[in-house]
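Taken in sequence, the protein lines are chains D and U. First residue of the first sequence? That's 1 in the working numbering, and the numbers climb one at a time after it. First residue of the second sequence? That's 414 in the working numbering, and the numbers climb one at a time after it. Accompanying notes for the structure given below.
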Amino acid sequence: MVKLIGYEWRKHFLKKSIIAAMLLFSALNVAKIYSVHEGSSLLSKNVTGPAWKELYWKMYEEFSGTITDEKIEKLMAIYRPLEKQTADLTASTTYRTSNTYLTNVYEDWNFFRFNYVNPMKYAYDYKAYAHGVVTAAKDNMGFYESIGNSYEYQKNAAIAKLFQGRSITSFSYTEMYKYYVQYDFSAFLALLICLYGLMSVFLSEKETEMDTLLLTTKAGGVKTVWAKLMASVLFVVGVCFWFWIVDFVSFSVLFGSWDAASSPLYVLEDFIHASLNVSLGQYAVLSALVKTAGMLVFALAFLLISCLFRNALIPFIAGLFTAFGCIYLEEAYMGSGRVLLKIINPFVLVVNRELFRKAEFVPLMGYPLPSYIAALLFAVAWGVILLCAIMIVVRKNALRKGGRKACRYGCMR
Amino acid sequence: MSLWMYEMKKMFLLQKGLLFIGLYFVLNLASMMVLDKPANPDIEMNASQYLAYLNQVQGPYSEETERFFSDEAAKISSAKVALQKVTDDYYDGNLEEQEFLAASGPLENILQNEKGFQLIYDQYTYIRENPANRYFLYTNGWDGLLSNDSLDFLWLLLLLLLIAPVFGFEYESRMDALLLTVKKGTRHHAIYKIGLALLTVAVLCLLNAGLRYGFYQFKYGLENGHYPLQSLSYFGTSTKNSTLFEAFLWVTAGKLFGSLCFAILILFASVWLKKYAATLFSSTAVILLPYYGMHLESSKYFLPGPLGFMISTGFLRGNEYKRNPFKDQLDVVFREVSLSALSIVFAVTLCLSIAMLVMILIRRTNVWSAGKRKLWRRASRLMLIFCMAMFVLSGCTSSGRTGTSDIYNYSSRQSFENERYRFYVDQTDLKNIRIVFEDKKTGDKGNFVRNPMPSLTRVENNIYGNGMHVYYMKYDFDKSGFKENINRFSVIEVDTTNFQERIVFEKKLGTGKSTILGLVKASDQDWKFFTAIDSFFLDEHSFYFIGQGEIRRVDRLTGDMRVILRIPVLRSVAFDGRTIYYINEKSQVVKYDTKTDSETVIPDLITRDFVLTDTELLFLNRKDQQKIYALDLRDSTFRKITDVPVQSIHCDGQSIFYVNKEDLKQYRIDRDGQNDTLIQN
């Protein structure tokens, strides 16, 4: 079987065109990440100029690491005068006076506000906020218990447990992760390559009319189908991981740091209500795995569509249409409180920040199931349905061609 | 049979080209009908008022126009004051009815079009920036036709479906080698194929352009095509001299050229790669990757290839900037494509296309092939499996709830009472103003909104109640950048038997940076309206939102929104489940039937404040020194409740609370006029 998988893998995926596409798309991906950095990072020369970057890393040595009262006082000693001077917008904008770090006092104020004061304040206040969430959730538990709403009781119990003991103790450079978790272009590239690569898996034999011949061989029936499926899975996993690694390395190199890997996920302000207590580094790994799971569902869908036709023309178009349909629906429900509509779409696994940025639940027989588990279950359900459909289609084909003869032969005997 | 006919038969019948073309036009038309929203929905919702003004200023800006706007603005503001004065005089007995009607009629006519004036004034402020090439015109039609650079995804798929098999069909069946044995099967036949493919694309592209033109002409109207292109704000900074109609022709020509180049690219890829999958993949990648991958919107127009031309509106746009929030400078968000750059891009694209054509002819190919198998039976069986799966996965819920509605009063939008609880906005702690509920039996008080994670959410202090269901509004934010942005507006239903929440209405307001490919775009107009909502109420079929001096109705099923009432000065509004009561400019109470969309003025009732109860309309009688009166809604009889002039009134159950106009103290009185007691000094 392993040999068969290896053979199928080499036959369908070890192609010059796929390797060329991988290389070209990887280069495009890096270029796109570069444009994200240049267009969004507070330390890029396009957004703020080179001086911010230089000053940031100089100050970072002083303020990074464990947040202490001493560091806060030191930072506020720099920031408070700036805040006062800029409060009524009448401070001088004279270029590079002796008491400014950057071009003028306003730029200094913006620099410290966005790079140090706001993130450090958020980190410092988070413990109290999380405590407030726990208190409110426990209060809710008492309330819902009194009115007999057991679903909300359990949901609030889960929230209280999730937020219990949360705090951010250290300050680190998180901008890289901020944009990394929002980056989807590589997933789109991987999706296109998978669509292309998977088209030939079931069609290559059909196009050359060899599918009938295949059924006459020893391992030509179900065994070959499984080998094809396993090879496809390996291909999709390989493509995905290649792109996720390119993403992570490119973001780390271009943003200049992945220091925050050990910081908790909720250090990102958009993830203030993160549904998991994991570090950013762990999240990067988890996200890669979940994204790959989402891509596998799409891969099965592409394979199923290709099984239905004799050439790649309509399957490719239909696959592309399906992918865009799912992306459209996912965009329409991103940020929505209608959790079920959001998670039923397998593309939610690919943009999994939607699952992990907020603790959301869906009711399952009165029990609050975290949305990310529900989304994974839905993806598994989609996967099983698609797999069954593929097996039905392929087996039907085998039965029709081989089965009738076998039946006739059996009857004659 | 000639080669042309044979190839046409193959393309349109054997390869089901006609079916795909028909499907494309049906889907395209359906998507335009369903998804097209006016660029400025306010204009459509206030069409008559807007057009009344537009007809007076249409065309170029002039000093006369300038005078018209200043005169009209003055006229409207003085009309407002004058109408108020005339109304006051009439109700104070200083004017006879005839005199009042004679004086108020023209003033009302002026004020009738106030919203229209606001819309045309917005246009005026845009035109005034550069009056030389910006004209007054109705913009929704031309904006819909020209002001977007969206890639027509269905058109892309159609071209792939039609063009890829032109040569790919023979390669698929390995019959291309036989071509050499046919008399006219070499270059001659390839030219026929290419000619037919390009001709088909050209005809379809022109038909498509005609369809779009016809659709916008029919839906909005495309008058004044000779006005300058810069009259549309989308092209406001453009330096290109063109009229709107010329711009449409240029865009169509660009799309035609882009589509032909794309067709040539597909033909070339199919001849070169000889595989459907590789052809489709490479052709799609050439279009989609730059379209979604380019950071700067204008970059794709500097890239030689079919993409820029297929969305050619960008060639006509001007430089656009946005202010850098960190430094005192403007950052480019769109860089204008100069004529020289356009010429170079065009020339390079043309040369590439010609080179590809030559390459195709060098590798000329041809042969006919056999038919396809029908797989519909198998597909239908699979469809059944999918339908079942969808049913299992999605589940289904319904919440049909009919019956009587509780009364909504605008003045009581912060409170509601049902059998068990009283809900109100607790303002005792100014740092923590919140909606609370109070158990009527036990007096227990608690937070009504029980979300334990309040960050990135803002709950508005307005509620609407109907029986055991109480509704509130909230905004959700995202902080994917360094600033918080409103992402969604929602109306939440709370079943107060168990305080279970359910989202009944949602509107996406933010696009933000966190979208995947930017396929779903939120409207600026929606953002403006939904972030300025004062209050709301609802019935089984619709939501009603009050804001910006309007009441808008949103259909629960379709999401279609329209203005049903304009109330410039919002004093009192009430809703009983079917009828909306409001006060017009003459201080009369008007009943608006939401089922029939008809209005009726309640006779002999003049007021500026009223409260609707289940059987009566309590009001401060303007004709009797603002004393509280009650109108019985069943027999239309009036009843006086207080003998003192009143400043303001609100009702809570059987009690009326009012502020005495003479001593400015708060009193409580029963609805039957008994037990008048002072409650607050």
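By construction, the Cβ of each residue, glycine as well, lies at the ideal position given by its N, Cα and C atoms.
What does a CB cutoff of less than 7 angstroms around residue i pick up in its chain, not counting 5 residues either side in sequence?
i, result
"residue 258 of chain D", "176 and 252"
"residue 233 of chain D", "296"
"residue 57 of chain D", "none"
"residue 1022 of chain U", "984, 985, 1032, 1033, 1061 and 1062"
"residue 638 of chain U", "656, 657 and 658"
"residue 608 of chain U", "none"
"residue 413 of chain U", "A query on residue 413 of chain U cannot be resolved here, the shown segment of chain U reaching from 414 to 1094 and no further."
"residue 336 of chain D", "342"
"residue 419 of chain U", "none"
"residue 834 of chain U", "850, 851, 852, 853 and 909"
"residue 276 of chain D", "265 and 356"
Give a yes or no on whether the C-beta atoms belonging to residue i and residue j are separated by under 7 angstroms.
i, j, result
"residue 320 of chain D", "residue 390 of chain D", "no"
"residue 731 of chain U", "residue 749 of chain U", "yes"
"residue 553 of chain U", "residue 640 of chain U", "no"
"residue 931 of chain U", "residue 945 of chain U", "no"
"residue 700 of chain U", "residue 327 of chain D", "no"
"residue 414 of chain D", "residue 108 of chain D", "No answer is possible for residue 414 of chain D: the residues shown for chain D start at 1 and end at 413."
"residue 902 of chain U", "residue 920 of chain U", "yes"
"residue 350 of chain D", "residue 187 of chain D", "yes"
"residue 573 of chain U", "residue 317 of chain D", "yes"
"residue 359 of chain D", "residue 162 of chain D", "yes"
"residue 244 of chain D", "residue 288 of chain D", "yes"
Per DSSP, which one or two residues make a beta bridge with residue i?
i, result
"residue 12 of chain D", "Paired residues: none, contrary to the question."
"residue 131 of chain D", "DSSP, once it has assigned bridges, lists no residue as partnering residue 131 of chain D."
"residue 951 of chain U", "U:956"
"residue 723 of chain U", "DSSP output for residue 723 of chain U lists no bridge partner at all."
"residue 888 of chain U", "U:871 and U:902"
"residue 370 of chain D", "D:361"
"residue 861 of chain U", "Bridge partners of residue 861 of chain U: none, in fact."
"residue 1070 of chain U", "U:1063 and U:1081"
"residue 66 of chain D", "D:170"
"residue 1043 of chain U", "U:1031 and U:1052"
So residue i is in the alpha helix (DSSP H); what residue range does that whole segment cover?
i, result
"residue 86 of chain D", "69 to 87"
"residue 476 of chain U", "476 to 504"
"residue 937 of chain U", "937 to 943"
"residue 247 of chain D", "222 to 255"
How would you write the range of the beta strand (DSSP E) that residue i sits in, first residue to last?
i, result
"residue 736 of chain U", "733 to 736"
"residue 974 of chain U", "974 to 979"
"residue 964 of chain U", "963 to 968"
"residue 993 of chain U", "992 to 996"
"residue 1052 of chain U", "1051 to 1053"
"residue 847 of chain U", "847 to 852"
Once the 5 residues before and after residue i are set aside, which same chain residues still bring their CB inside 6 angstroms of it?
i, result
"residue 520 of chain U", "492, 495 and 496"
"residue 828 of chain U", "837"
"residue 225 of chain D", "394"
"residue 758 of chain U", "717"
"residue 8 of chain D", "227, 228 and 231"
Excluding the five sequence neighbours on either side, which residues of its own chain have a C-beta within less than 8 angstroms of the C-beta of residue i, listed in chain order?
i, result
"residue 478 of chain U", "470, 537 and 549"
"residue 938 of chain U", "453, 454 and 455"
"residue 913 of chain U", "907"
"residue 67 of chain D", "120, 123, 124, 168, 169, 170 and 171"
*Please name the residues in the stretch 840 to 862 of chain U whose beta-carbon is closer than 7 angstroms to at least one beta-carbon of chain D, in chain order.*
859
*Would you list, in chain order, the members of the stretch 690 to 722 of chain U that have their beta-carbon closer than 7 angstroms to a beta-carbon of chain D?*
690, 691, 693, 694, 697, 698, 702, 705, 706 and 708
*For the stretch 570 to 581 of chain U, which residues have a beta carbon sitting closer than 8 angstroms to at least one beta carbon of chain D?*
570, 573, 574, 577, 578 and 581
*asked:* By the 9 angstroms beta-carbon criterion, what residues does the stretch 728 to 749 of chain U contribute toward chain D?
replied: Residues of the stretch 728 to 749 of chain U with a C-beta less than 9 angstroms from any C-beta of chain D: 737, 738, 739, 740, 741 and 744, listed in chain order.
*Identify each residue in the stretch 962 to 990 of chain U for which the Cβ-Cβ distance to at least one residue of chain D is less than 7 angstroms, and report them in chain order.*
none
*May I ask you to list, following chain order, the residues of the stretch 126 to 140 of chain D that have a beta carbon less than 9 angstroms from some beta carbon of chain U?*
129, 132, 133, 134, 135, 136, 137, 138, 139 and 140
*asked:* Give me the subset of the stretch 148 to 160 of chain D whose CB atoms are less than 7 angstroms from a CB atom of chain U, sorted by chain position.
replied: 148, 149, 152, 156 and 159
*Residues in the stretch 868 to 900 of chain U having any Cβ partner in chain D nearer than 8 angstroms*: Against chain D - using a Cβ distance shorter than 8 angstroms - the residues of the stretch 868 to 900 of chain U are 868, 869, 889, 891, 892, 893, 894, 895 and 900.
*With 8 angstroms as the C-beta to C-beta threshold (strictly closer), list the residues of the stretch 260 to 279 of chain D near chain U in chain order.*
269, 270, 272 and 273
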